Amino acid sequence: MGEEEKLQIIHSEREEAKLQNIHSEDEEVQESEHNNGICSSICAPVNWFKMLATELHWNFVFSVVIVYGVSQGLGGAFSRISTEYYMKDVQKVQPSESQVYSGITSIPWMVKPLWGLLTDAVPILGYRRRPYFLFAGSLGVVSMLFLSLHKNLHIVLALLSLTAGSAAVAIADVTVDACVAQNSGSHPSLAADMQSLCALSSSIGALVGFSLSGILVHLLGPMGVYGLLSIPAGLVILVGVLLKESPTHNFAYQQVNQNLTDAAKAMWNTLKCPEVWRPCLYMYLSFAVSVDIQEGMFYWATDAKGGPHFSKEYIGYISAVASIGSLLGAILYQYGLKDHSFRDLLFWTQLLFGLSGMLDLVLVLRLNLKIGIPDYFFMVMDASVTQLVGRLKWMPLLVLSSKLCPPGIEGTFFALLMSIDNTGLLTSTWFGGLLLHVFKITRTKFHNLWLAILIRNILRITPLFILFLIPRSDPNSSILPDEMSDSKETTGTSATQNENIELVALVHNMDTS
């Protein structure tokens, strides 16, 4: 072999070695980037929480997580499942009665504008927020412990305790909403982050709560779960103790009545505007006529002869998966439907809402078994689709409500609109109880349940005939008249500080079955 050939071989070996080194370096870089991507994905939420805690103070972030995540999300899931079994197994009431009682316990959420006005206009010992957190937490602890420690409690006392517990959650909710509004005013660049924190806390809390609720009801019984619910209420007390709030000095308590009167007059003048009362009427009627027979379906799914006989654990898991459907509905609206006109979007969502109810009919008539779909899988699909469509129906109404609020009384008027919706939900619940009673659907008789479902589905479509009450405008345009939009009317309830309460999450149960 000549010298020239040896040099060529050496040169080629060196080139090959360089290529191998370059290839290995590229692999190391890619692996490093992959590891950094995983690390950043894990660290990003932690860094986000740290940023919020630094900018807004850690006790504010703690307050939001406790009220939205633990009290409303986790506690709300525990309360819903345990109350259904408490009424069925402990109080042994009929489905129609349980339906009516569930409406009674939701009444505190209908008067949330009152809680909002009180927290803003009536400070206690110089503080506007802390005393209401302390009161709400104490009320929740007492009511839940009272329920858990009395086995043979009369239904009236049980309802009073459940209503008091509901009021405790509602008061804590409106108080933390006021804190969010104040921080949104002082930190406008973080307003969206604060709303994301609220939504994230509530969603995660509900998902965890529904996943565990069935297991806990099975192990501890409904009354044992009520005892556990005193823990979230106790944490609300801790929020009141730790909350950083500057006291209000020399408050003129004699002006409270005048402030409340001014707020009432401003809201009444706004409601008289056709651009406002027509959508309000539609929102109430669309909820009211979409009758809720959830308790009838619950009794059938757990007790009916020939029914699926779901266990407590399955009921909790089904609710957990359904909450994911609700979250997907919100995401779908945000990224695909938010720019469509109100009337067009409400037409299709209301139509789908009625059609989705037919899944219940298929389940009750046992048609799913005839086509080879197991009860559990079909129930999960039914609940998920219903929650998804219900969320899609609700989102444009929420945006529309925000468009109806005139300057100066945005927070209070938004609370009023949400109370109108809650009144519609209450009407739906009581009308559903009447429907179950008329068709003689009891703890052991479900022969006419299919007929009640069919009537409910037909009624869900009836709001299509009053869609003319909804403006054709899209979410990006103004709805109020120019003279009302330009007005700077104030109610006096906000005083001179940045105290307008933006009551955002005001609907107790917006996903009806």
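In this text, residue positions in the sequence shown follow full-length UniProt numbering: the first is 1, and each later residue adds one. Just so you know, even glycine gets a beta-carbon here, dropped at the ideal spot from N, CA and C. Here the structure is a predicted model, which is why all the values come from computation and not from measurement.
Inset, instruction - Taking 8 Å as the threshold, find out whether the stretch 232 to 252 comes into contact with the stretch 52 to 64 through three or more Cβ pairs. - result: These segments touch.
Legend entry - Buried/exposed call for Gln-350, threshold 16 Cβ in 10 Å: buried
Legend entry - Buried or exposed by the 16-neighbour rule on C-beta atoms within 10 Å, applied to Val-46: exposed
Legend entry - Sequence-distant residues of its chain with Cβ nearer than 7 Å to Leu-365 (five each side left out): Trp-450
Inset, instruction - Specify, as a first and last residue, the run of the alpha helix (DSSP H) that Glu-59 falls within. - result: In the sequence as displayed, the identity of residue 59 is Asn instead of Glu. 58 to 64 is the span of the alpha helix (DSSP H), which, as asked, contains Asn-59.
Legend entry - Cross-strand partners of Ile-124 (DSSP beta bridge): Tyr-127
Legend entry - Continuous alpha helix (DSSP H) stretch holding Met-297: start and end: Counting along the chain, the alpha helix (DSSP H) containing Met-297 begins and ends at 294 to 303.
Legend entry - Same chain only: Cβ atoms within 6 Å of Val-225, ignoring 5 sequence neighbours per side: Phe-78, Ser-82, Leu-216, Val-217
Inset, instruction - Thinking Asp-382 and Leu-363 are a contact (beta carbons under 8 Å), I'd like their distance in whole angstroms, please. - result: 6 Å
Inset, instruction - Go ahead and label Lys-488 buried or exposed: buried means 16 or more other beta carbons lie within 10 angstroms of its beta carbon, across all protein chains shown. - result: The predicted position of Lys-488 is uncertain, since its pLDDT is 44 and thus under 50; no value can be drawn from it.
Inset, instruction - Take Thr-119 as the anchor and find which of Ile-107, His-150, Leu-260 has the nearest alpha-carbon. - result: Leu-260
Inset, instruction - Can you give me the Cβ contacts of Gly-492 inside the same chain, cut-off strictly under 8 Å, excluding the 5 residues immediately before and after it? - result: Bear in mind that a pLDDT of 40 at Gly-492, under 50, signals an unreliable position, so the model cannot answer this.
Inset, instruction - Check whether the stretch 276 to 286 touches the stretch 453 to 471, counting contact only when three or more Cβ pairs, one atom from each stretch, lie closer than 8 Å. - result: yes
Legend entry - Residues of its chain near Cys-179, where Cβ-Cβ distance is below 7 Å and the 5 sequence neighbours each way are ignored: In its chain, beyond the 5 residues on either side, Phe-60, Ser-63, Arg-129 have a beta carbon closer than 7 Å to the beta carbon of Cys-179.
Inset, instruction - Rounded to whole angstroms, what's the CA-CA distance from Phe-446 to Trp-348? Just pull it up for me. - result: 31 Å
Inset, instruction - Specify, as a first and last residue, the run of the alpha helix (DSSP H) that Ile-461 falls within. - result: Counting along the chain, the alpha helix (DSSP H) containing Ile-461 begins and ends at 449 to 461.
Legend entry - Whether Pro-232 touches Val-70 by CB criterion (8 Å): In this structure, the beta-carbon distance from Pro-232 to Val-70 falls below 8 Å.
Legend entry - For Ile-470, the three-state DSSP class (helix, strand or coil): coil
Inset, instruction - Tell me whether the beta-carbon of Ile-466 lies closer than 8 Å to the beta-carbon of Ser-96. - result: no
Inset, instruction - Take Leu-361 as the anchor and find which of Trp-300, Ser-286, Leu-416, Ser-311 has the nearest alpha-carbon. - result: Sorting Trp-300, Ser-286, Leu-416, Ser-311 by C-alpha distance to the C-alpha of Leu-361 places Trp-300 at the top.
Inset, instruction - Please work out which residues of its chain come closer than 6 Å, Cβ to Cβ, to Met-223, disregarding the five sequence neighbours upstream and downstream, and give them in chain order. - result: Ser-148
Legend entry - DSSP-derived helix/strand/coil call for Asn-368: helix
Inset, instruction - Let me know the secondary structure DSSP gives Glu-245 once reduced to three states. - result: coil
Legend entry - Rounded C-alpha distance that separates residue 516 from Val-321: Any property of residue 516 remains undetermined from this structure, which presents the chain solely from 1 to 513.
Legend entry - Reduced DSSP secondary structure (H/G/I, E/B, other) of Pro-95: helix
Inset, instruction - Please go through the stretch 391 to 443 and give each complete beta strand (DSSP E) segment of 3 or more residues, from N-terminal end onward. - result: none
Legend entry - Cβ-based burial, Met-194 [other Cβ within 10 Å; buried from 16]: buried
Inset, instruction - Please list, in chain order, all residues of the same chain as Tyr-314 whose beta carbon is under 7 Å from its beta carbon, the five residues on each side excluded. - result: Here the set comprises Gly-214, Tyr-376.
Legend entry - First and last residue of the uninterrupted alpha helix (DSSP H) at Val-276: That run of the alpha helix (DSSP H) goes 274 to 288.
Legend entry - Bounding residues of the alpha helix (DSSP H) (the contiguous stretch that carries Phe-342): If you look at Phe-342, you'll find it in the alpha helix (DSSP H) that goes 342 to 356.
Legend entry - For Pro-188, three-class secondary structure by DSSP: helix
Inset, instruction - Please classify Val-180: does DSSP put it in a helix, a strand, or coil? - result: If DSSP states are grouped into helix, strand and coil, Val-180 belongs with the helices.
Inset, instruction - Keeping to the same chain, check which residues put their C-beta closer than 6 Å to that of Leu-397; ignore five residues upstream and five downstream. - result: Take Leu-397, set aside five residues on each side of it, and the residues of its chain with a beta-carbon closer than 6 Å to its own are Met-283, in chain order.
Legend entry - Distance CB(Ser-428)-CB(Phe-414) smaller than 8 Å: no
Legend entry - Residue environment, Asn-152, which counts as buried when at least 16 other CB atoms sit within 10 Å: Label assigned to Asn-152: exposed.
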